[in-house]
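Residue numbers (numbering that gives the first Met the number 0): 0 to 310. To start, the structure under review is shown below, and the notes come after it.
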Amino acid sequence: MNDFLAGIFAAMLALFGGGAEPAGYTGYVEADFLYMAPDSGGRIASLTVREGDGVQEGQVLFTLEDDQQQAQLAAAQARVEAAEATLTNLVTGSRNAELDVIRASLAKARADLDLARTTLERTEKLHAAGTASAAQLDQSRNGLAAAQAQADQLAAQLAVAELPARSAEQTAAEANLAAAQADARNAEIELRHRVVTAPAGGMVGKVLYSAGEVAAAGAPVIAILPAGALEARFFVPETERAGLTIGQVLDVSCDGCGAMTARITSFSSTPQTTPPVIYSREERSRLVYLVKARLEGGTGLLPGQPITVLP
Numbered sequence: 000m001n002d003f004l005a006g007i008f009a010a011m012l013a014l015f016g017g018g019a020e021p022a023g024y025t026g027y028v029e030a031d032f033l034y035m036a037p038d039s040g041g042r043i044a045s046l047t048v049r050e051g052d053g054v055q056e057g058q059v060l061f062t063l064e065d066d067q068q069q070a071q072l073a074a075a076q077a078r079v080e081a082a083e084a085t086l087t088n089l090v091t092g093s094r095n096a097e098l099d100v101i102r103a104s105l106a107k108a109r110a111d112l113d114l115a116r117t118t119l120e121r122t123e124k125l126h127a128a129g130t131a132s133a134a135q136l137d138q139s140r141n142g143l144a145a146a147q148a149q150a151d152q153l154a155a156q157l158a159v160a161e162l163p164a165r166s167a168e169q170t171a172a173e174a175n176l177a178a179a180q181a182d183a184r185n186a187e188i189e190l191r192h193r194v195v196t197a198p199a200g201g202m203v204g205k206v207l208y209s210a211g212e213v214a215a216a217g218a219p220v221i222a223i224l225p226a227g228a229l230e231a232r233f234f235v236p237e238t239e240r241a242g243l244t245i246g247q248v249l250d251v252s253c254d255g256c257g258a259m260t261a262r263i264t265s266f267s268s269t270p271q272t273t274p275p276v277i278y279s280r281e282e283r284s285r286l287v288y289l290v291k292a293r294l295e296g297g298t299g300l301l302p303g304q305p306i307t308v309l310p
């Protein structure tokens, strides 16, 4: 209620005595809405509810376009797969195909080494018999040395390839994988947040955007009135305040309503002279409301609706 109208009502109280009407205290209905807003801005892709609809906890209310979030999640998952492959390769050593190539090369080198030994032995015999020159003997010896070096090199290469990663490399790879997994989880959360659901059951009281419009982060798109979120607000003269207590049950009535009750939950700590607008029964007949009604087999009080509270 705005301060201008509150001031008018305060003046009316001063002129006409204020307080309760003969049959009770006049008041109004207040609603504690839940305003549903996106965590990050974006264009609204769909609205799945309308004003007046009943909703259940967890029901989808609206969605935002999520092409960018889908792409970010796909990229994050790809980074996780790459990091997992790197770590696996470091932990287990080289891939089997690479090891097979090295083993095959080593087998050939050892065969060449055996052949070089045989060749040297034959050349040495021929040289002793005088049928092979010193140059031929040197060539056979050099061939054996080269074959031995090649076999030793490949054996060392195979041993290194079969070793697991050094601890520092493995630690770095594990950290990289953890970071990639964290990025993927964040991307999943961002994608889930493009779908906004009801945190509690109730009724859709307001729809503030339409599909295709851009909603900023934190800007309410839908207001939900949860069950039990309506309360009666009324004003009691100071002389009658002591007669009411927390938890006391009062009868409530309004034009066209059935019997209702309300339980007192709190009192203001200090009196006030400019309460919100209170509609007297004489004024109700002149009030008009913009009503958007979707009949679903039930009716209830509306926020701002004038009521009478009976002590």
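For glycine and all other residues, C-beta sits at the position ideal for the given N, C-alpha and C.
Exposure label - residue i; buried when at least 16 CB within 10 Å
i	result
VAL308	buried
SER284	Here the model assigns SER284 a pLDDT of 40, short of 50, so the residue's position is not dependable, and the following value carries that caveat. Burial call: exposed.
ARG193	buried
LEU86	buried
GLN304	buried
VAL251	buried
PHE311	Outside the displayed span of the chain (0 to 310) sits residue 311, for which this structure offers no information.
ALA326	For residue 326 there is no data in the structure shown, the boundaries of the chain being 0 and 310.
PRO37	buried
GLY374	Absent from the structure is residue 374, since the part of the chain shown begins at 0 and ends at 310.
ILE245	exposed
GLN68	buried
ALA128	exposed
THR122	buried
VAL213	exposed
VAL248	exposed
THR25	buried
ALA338	Nothing can be reported for residue 338: it is not among the residues displayed for the chain, which extend from 0 to 310.
PRO310	exposed
ILE306	buried
ALA13	In this predicted model, ALA13 has a pLDDT of only 40, less than 50, meaning its place in the structure is not dependable; the value taken from the coordinates is given anyway. Burial call: exposed.
SER336	An answer regarding residue 336 cannot be provided, because it is not within the stretch 0 to 310 covered by the chain.
GLY311	With the chain represented from 0 up to 310, any question about residue 311 goes unanswered, as that position is not in the structure.
ARG293	Confidence at ARG293 is low in this model, with a pLDDT of 27, below 50, so its placement is unreliable and the value that follows should be read with caution. Under this definition ARG293 is an exposed residue.
ILE43	buried
PHE233	buried
LEU243	exposed
ALA261	buried
SER209	exposed
ALA178	exposed
SER139	buried
Residues that residue i bridges to, as DSSP identifies them
i	result
GLU311	The first residue shown for the chain is 0 and the last is 310, placing residue 311 beyond what the model contains.
GLY201	VAL54 and PRO225
PRO305	TYR27
ALA214	GLY41
VAL194	THR62
VAL206	ILE221
LEU162	Answer is none; LEU162 lacks a bridge partner.
LEU46	PHE61
Heavy atom of the ligand COA within 6 Å of residue i beta-carbon
i	result
VAL48	You won't find the ligand COA in this model; it holds no ligand whatsoever.
Proximity test, Cβ basis, 7 Å: residue i and chain B
i	result
TYR24	As a matter of chain content, chain B is missing from the structure shown, which is built from one protein chain.
Rounded Cβ spacing between residue i and residue j (contact assumed at less than 8 Å)
i	j	result
ALA228	GLY201	7 Å
GLU56	ALA199	5 Å
PRO225	LEU46	Going by Cβ atoms, the distance from PRO225 to LEU46 rounds to 19 Å, so no, they are not a contact pair.
VAL90	GLN180	The Cβ separation is near 17 Å, so there is no contact.
THR196	GLN71	About 21 Å; that fails the 8 Å criterion.
PRO270	GLU237	6 Å
Segments of 3+ residues assigned as beta strand (DSSP E) that fall wholly inside the region 219 to 269: DSSP runs (the beta strand (DSSP E)) wholly in the region 219 to 269: 221 to 225, 229 to 233, 248 to 252 and 259 to 262.
Three CB pairs or more closer than 8 Å across the region 140 to 160 and the region 27 to 36: no
Cβ pair count under 8 Å reaching 3, the region 219 to 228 against the region 114 to 127: no
Entirely enclosed alpha helix (DSSP H) segments - the region 78 to 130, minimum 4 residues: 95 to 127
The region 64 to 80 / the region 99 to 111 touching (three or more Cβ pairs under 8 Å): no
Contact between the region 99 to 106 and the region 140 to 154 (3+ Cβ pairs under 8 Å): yes
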